[in-house]
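Presented below is the structure to which this report refers.
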Amino acid sequence: MEDEWQTTTLGKIVKDGSGFIQTGPFGSQLHASDYVKDGIPVVMPVNLADNRVNLTDIARITEEDASRLSKHLVKKGDILYSRRGDVTRKALITDSEVGMFCGTGCLLVRPGNKIDPRFLAYHLSSPKNQEWIIRHAIGATMPNLNTGILSDVPLRVPSRALQRAIAHILGSLDDKIKLNRQMNATLEAMAQALFKSWFVDFDPVIDKALAAGNPIPEPLRKKVEARQALGDKRKPLPTEVAQYFPDRFIFSEEMGWVPEGWGESVIGEEVETVGGGTPSTKDATFWEEGVHPFCTPKDMSALNSIVLVDTIRHLTDAGVNKISSGQLPKGVVLISSRAPIGYLAISDIPVSVNQGIIAMLPNQKYGSIYLLLWVHFNMEAIQGRANGSTFLEISKKNFRPIPFVVPPDEITDFFNEQGKGIYNKMSFVSEQIQKLITLRDTLLPKLLSGQLRIPDAEKLIKEAMP
């Protein structure tokens, strides 16, 4: 295979293929006031993750502005890079993103016709290329990329047939990873829908109140109309759980209208909440050859589901003992408390946390899924209690007094049973995703160096994906 490979640079192979590398629009061409609620999606650095575009909270511009700056509209096979900060963030444009806009803060690589775009995206993802880009980025505090740096990225390129074969091998793994992530997203949405129905919208109480002819408080009128609009599509609850929902609401000064008979409390009284810390990074005894997962908000920001299966850094026994909360048990619920507030996860492993995380320990009444979804649906209240001049932070002191409605044990028991089943499926899928990622990242440099032959790689994948 060695004689099939040629040494070149990104800039040369792009130019030879009539492609180009260009910077996104300057701030003077597109102002903050130009962004709109509906329009052409704008891919910013924040939308680049795992070699794909994340559409969550994506910005938009008008069709007129997109037409005015049409050279920044992306095509299938383009690769977008973050121009500053984490300069290894990038995304390969697929059919789904064609016609979107390369935003300010990004660089656009149009590969041209001399290299397979998927192969190039994988090549640029190799540890060797990522290390090269980080090393050559300008700026110590805030690394920056430019077209010149990207143009100089060294490449080893085989024949087009071999490029396509390598891209297919790695792409089959990414396709399976994507499918599993979609499965987890569906499972998470199921859990959210059930929690919202029972503990946020109080649908079962509304249904029983309507059936009994009891008055519905005016502030709940929109929810009532939404339930009535469903008609026969409303699924009745099993009798064993429906009997524990009341058919009336009462008013609470702290929480507004809540189901009659449900208690009032604060989160700090219902579950144990703890924080963490970071052992000195200058002391090798806390880190060197560490095996105990150590979670920070950065670990949580990289998650594609609510399940945490590993962390970037690991502590030694001495490092764990240096943190007041020590090692927290599997199933602990984590919320990032600053920079930013609101990343959420359930740890599928025993874990220690840093000072940017509040950990909630599930108990017999409130399981992991219940607590995570309580945080999710109370995020506005949590953020409203945050303070700070440099960045907003919610302290444990301000977190613990947040009002918390207390349903009957029978209802939470039933929900916990459902939630546990959903989470167990998500945990299994997340573990499979991690295995596939590990396999892909193991095969990647070996395929790109010619060290591993295609048939051998296919055999390894077949064993991993029976």
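Position 146 of the sequence shown, counted from 1, bears residue number 146 in full-length UniProt numbering, the numbering being contiguous throughout.
C-beta: ideal position from N, C-alpha, C; glycine also.
As the structure is a prediction and not an experimental result, all values here were calculated from the model.
One thing to note: Ile-437 has its Cβ no nearer than 8 Å to the Cβ of Ala-386. In the three-state scheme derived from DSSP, where H, G and I count as helix and E and B as strand, Ser-82 is classed as strand. Fully contained in the stretch 98-128 are the following beta strand (DSSP E) runs of length 3 or more, in chain order: 106-110.
Note on the stretch 331-369: whole beta strand (DSSP E) runs with a minimum of 3 residues are 333-337, 341-347, 357-361, in chain order. By the neighbour-count criterion, in which 16 or more other beta carbons inside 10 Å mark a residue as buried, Ala-211 falls on the exposed side.
Annotation: the continuous beta strand (DSSP E) that includes Arg-313 extends over 313-315.
The way I'd put it, the stretch 292-300 does touch the stretch 344-356; three or more beta-carbon pairs between them come closer than 8 Å. Taking every protein chain shown into account, the CB of His-72 has 16 or more other CB atoms within 10 angstroms, so this residue is buried.
Boundaries of the beta strand (DSSP E) harbouring Phe-249: 249-252, taken from the DSSP string. Rounded to the nearest angstrom, the Cβ distance from Thr-9 to Leu-107 is 15 Å, too far for a contact under 8 Å.
Residue pairing for Pro-403: DSSP places it in a beta bridge opposite Val-266. With respect to the 8 Å criterion, Arg-110 and Asp-78 are classified as neighbours on the basis of their beta carbons. Going by beta carbons, Arg-84 and Gly-105 fall inside the 8 Å limit. Residue range 147-151 is occupied by the alpha helix (DSSP H) that includes Leu-150, with no beta strand (DSSP E) assigned at that position. Contact between the stretch 410-424 and the stretch 91-99 is not established, with fewer than three Cβ pairs separated by less than 8 Å.
In the DSSP annotation of this structure, Lys-75 is not part of any alpha helix (DSSP H), being labelled neither H nor E. Assignment of beta-bridge partners to Gln-6 by DSSP yields Val-157. Put simply, of Ser-305, Leu-55, Ser-368, Thr-316 the residue whose alpha carbon is nearest the alpha carbon of Tyr-343 is Ser-305. Pro-259 is positioned such that its CB atom lies closer than 8 Å to that of Pro-246. Ile-394 is positioned such that its CB atom lies no closer than 8 Å to that of Leu-372. Inclusion of Arg-68 and Ile-433 in the CB contact set at 8 Å is not warranted, their separation being larger than that value.
In this structure, Asn-129 places its C-beta atom within 8 Å of the C-beta atom of Val-153. In this structure, the CA atom of Gly-27 is about 17 Å from the CA atom of Ile-40. With a beta-carbon spacing of about 20 Å, Lys-76 and Arg-60 fall beyond the 8 Å limit used to define contacts. At a cut-off of 4 residues, the continuous stretches assigned as alpha helix (DSSP H) that sit fully inside the stretch 409-451 are 409-449. As computed with DSSP, Val-53 is found in a beta bridge with Leu-48.
For Ser-151, the closest C-alpha among the options Pro-238, Gly-11, Lys-446, Ser-449 is that of Gly-11. Within the DSSP bridge table, the entry for Glu-272 names Leu-361 as partners.
DSSP places Glu-393 within a strand segment (E or B) once states are collapsed to three. About 6 Å separates the CB atoms of Arg-400 and Val-266; that is less than 8 Å, so the two are in contact. Within the same chain, Gly-331, Val-333, Ile-346, Pro-362, Tyr-423 come within 7 Å of Ser-368 by CB-CB distance, once the 5 residues on both sides are set aside.
By the Cβ test, the stretch 130-149 is not in contact with the stretch 181-191, since fewer than three Cβ pairs between them sit closer than 8 Å. Straight-line spacing of the CA atoms in Cys-102 and Gln-383 works out to 31 Å. According to the DSSP assignment, Ala-381 belongs to the alpha helix (DSSP H) that extends over 379-384. Closest in alpha carbon position to Glu-64, among Asp-348, Leu-80, Ala-284, Asp-34, is Asp-34. By the Cβ-count criterion, Ser-427 is buried, with 16 or more other Cβ atoms from all chains shown falling within 10 Å of its own Cβ.
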